[in-house]
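Protein chains in written order, with UniProt numbering: chain A, 1 to 226; chain B, 1 to 226.
Taking it in order: structure first as structure tokens, then the write-up.
Protein chains: 2
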Amino acid sequence: MYKTSKHRIPVYESLRQAIIEQALKPGVKLPEDSIGETFGVSRTIVRNALVRLDAEGLVEIQPNRGASVAEPTIEEAYDIFDMRQCLEREVVQRLCRIDPKPVVKALRLHLEEEQKVLGKDSTRSIRLAGEFHILLAELTGSKILENYVNEIVSRCSLIVARFAQAHSAECGVEEHAEIIEAIAQGDAERAVSVMHKHLHSVQDRALLNPEDQQEENISDILSRYR
Amino acid sequence: MYKTSKHRIPVYESLRQAIIEQALKPGVKLPEDSIGETFGVSRTIVRNALVRLDAEGLVEIQPNRGASVAEPTIEEAYDIFDMRQCLEREVVQRLCRIDPKPVVKALRLHLEEEQKVLGKDSTRSIRLAGEFHILLAELTGSKILENYVNEIVSRCSLIVARFAQAHSAECGVEEHAEIIEAIAQGDAERAVSVMHKHLHSVQDRALLNPEDQQEENISDILSRYR
DNA sequence: ATCGCATTTATTGTCCACAATTTTATTTTT
DNA sequence: AAAAATAAAATTGTGGACAATAAATGCGAT
């Protein structure tokens, strides 16, 4: 899972980014052949990338049927968000235990960036919002916590792609500011609470939207039309 | 990461088990050729298994230099154990929130098994002890939490293999019993505290042992001899 | 026209070959 | 004899081949 391991394979990174940024939507097939062609590499490389992505939960490989972008169910979605709450609670708790100076400085720098592109570049905005959470984890100094948060933030992006309507699920920049504030004051209780609320609102925007009806089964939908 | 994905590859499972049970010690090289030969498959299969294990942190792949069993540093070891504390705290907290009946029943059944082989089959004993923790996670009903715990327990086995002296790091069966008891009573606070102590003792047996000096660098050791 | 069946096409699973790189062994030089 | 340079062996990285499986297409029967 460390730097050396990704083998500097651009195909892994590209696929990952494409999925996170919702260019590749859940359920889309990922044929080894065509992907290899677009990247100018053989199936061998693509296959390894897909195996990795499958291990991360972003891709689902079905034996003899190939890979496609994972389609988390609504139950899995809740499961993943719960886990995220747990991990990010740990993150802010740890951050409140260490010297806030460098932490807050790094966070404010990032926040500025977020505010700068607000409303301008939506794709970049979403990416930065996700990276804020990863930065938080990184600042704890725990590699493994950082990895887990990184992974779970990606999977949440996938969930948003599956269930939320367009753009409805961006992180609120003001909420990020609040979190930084709490950390600056070393107020763990408040930091945890703000983070909790923040994540909950992200979750709600993703999962509590009218289009949830998409997820009903077909006969339920049709029964309303007869 | 789900059932379908492992492709029923015995080589992945076997390598994983061998590493966890310390048959393959940290640092041991894992050449694709010879592994493929012993399993009667080609390097392709082995390679995919190694990629997966690398993603899990059990194996380290260095570009152009092949794979070897991961060698967690002492810092990583502490990092991983901290993370484990966080995850297993979450596990017992969740278990204390749900109906204890079926949970306790499953746990007691497992505990019996542990007691049965106690002192008889050391390998099996260690395996069961690890599986107890995975069972706990499984009983929360959260697939992702189960996966994380599964992963981190494996990595802790690796740490034990690296730092502890033989057999010094088995889980105490009585402590498992105590955890079950706390869950049965729905006493979250106590369950968390017992679990914490339990994991801490496992950690200590692994990391607080005299042979830590193995980890000093060569000149430190030699300086004592001149 | 629709359904079921056979055939074709596409895609995956696996192996092997060959080039690139690293590691080990040997020879040469100082 | 030690170090450096060279050669040989082993191992990895990647591409492509071929069989096995699944998906798509076309055909004939009802």
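Quick reminder that beta carbons are idealized off the backbone N, C-alpha and C, glycines included.
Does the beta carbon of D187(B) sit closer than 7 Å to a beta carbon anywhere in chain A? no
I think P26(B) touches L158(B), with their Cβ atoms under 8 Å apart; what is that distance to the nearest whole Å? 6 Å
Do you know how far the Cα of D99(B) is from the Cα of H176(B)? 19 Å
Distance, Cα to Cα, K143(B) vs G66(B)? 32 Å
Assign V28(A) to one of two classes, buried (16 or more other C-beta atoms within 10 Å of its C-beta) or exposed (fewer than that). By the Cβ-count criterion, V28(A) is exposed, with fewer than 16 other Cβ atoms from all chains shown falling within 10 Å of its own Cβ.
Apart from the five residues just before and just after L15(B), which ones in its own chain have a Cβ nearer than 7 Å to its Cβ? A49, L53
What does the Cβ neighbour count give for E37(A), buried or exposed, with the cut at 16 atoms within 10 Å? exposed
I98(B), DSSP secondary structure in three states: coil
Measuring only between beta-carbons, confirm whether D79(A) sits less than 7 Å from chain B. It does; some Cβ of chain B falls within 7 Å.
Indicate the three-state DSSP secondary structure (helix, strand or coil) for G130(A) in the structure shown. helix
Beta-bridge pairing of V59(B) - partner residues as DSSP gives them: Looking at the DSSP assignment, V59(B) forms a beta bridge with V69(B).
Quick check: the Cα distance between C86(A) and G40(B), rounded to an integer number of angstroms? Distance between the alpha carbons of C86(A) and G40(B): 43 Å.
Classify R108(B): buried if its beta carbon has 16 or more other beta carbons within 10 angstroms, exposed otherwise. exposed
P26(A) - containing alpha helix (DSSP H), residue span: Element bounds for P26(A): n/a, residue is neither H nor E.
State the DSSP-derived secondary structure class of N150(B), mapped to helix, strand or coil. helix
Using the rule of at least 16 other Cβ atoms within 10 Å of the residue's Cβ for burial, across every protein chain shown, is P72(A) buried or exposed? When all chains shown are included, P72(A) counts as buried.
Let me check you understand the geometry: is the CB of G186(B) closer than 6 Å to at least one non-hydrogen atom of the ligand SAM? Of ligands this structure carries none, so the ligand SAM is not represented either.
Pick from Q185(A), F81(A), S34(A), E178(A) that is closest to V46(A), judged by C-alpha positions: In terms of Cα proximity to V46(A), the closest of Q185(A), F81(A), S34(A), E178(A) is S34(A).
Closer than 7 Å to chain A by CB, A55(B): yes
DSSP state of S42(A) mapped onto helix, strand, coil: coil
By how many angstroms is the C-alpha of H133(B) removed from the C-alpha of V149(B)? 8 Å
What does a CB cutoff of less than 7 Å around L128(A) pick up in its chain, not counting 5 residues either side in sequence? E113, E114, V117
Option in Q17(B), I179(B), L58(B) with minimal Cα separation from V104(B): I179(B)
Does the Cβ of S122(B) have 16 or more other Cβ atoms within 10 Å, making it buried, or fewer, making it exposed? exposed
Consider the Cβ of I45(A): report whether some Cβ of chain B lies at a distance smaller than 7 Å. no
Since L145(B) meets chain A, which of its residues come closer than 9 Å, beta carbon to beta carbon? D79, D82, M83, C86
Under 8 Å between beta-carbons, which chain A residues line up against Y148(B)? List them in chain order, please. The answer, in chain order, is M83, Y148.
How should R155(B) be labelled, buried or exposed, when 16 other C-beta atoms within 10 angstroms of its C-beta is the threshold for buried? buried
Just checking: is the beta-carbon of V153(B) within a distance shorter than 7 Å of some beta-carbon in chain A? no
Per-residue DSSP class, three states only, for P10(A): helix
When you compare each of G130(A), G141(A), C96(A), A23(A) to L111(A) by their alpha carbons, which one comes out closest? Answer by Cα proximity: G130(A).
Do V92(B) and A23(B) have their beta-carbon atoms positioned less than 7 Å apart in this structure? no
May I have the straight-line CA-CA distance separating E32(A) from R43(A), to the nearest angstrom? 6 Å
Please report the distance separating the alpha-carbon of I80(A) from that of L199(A). 12 Å
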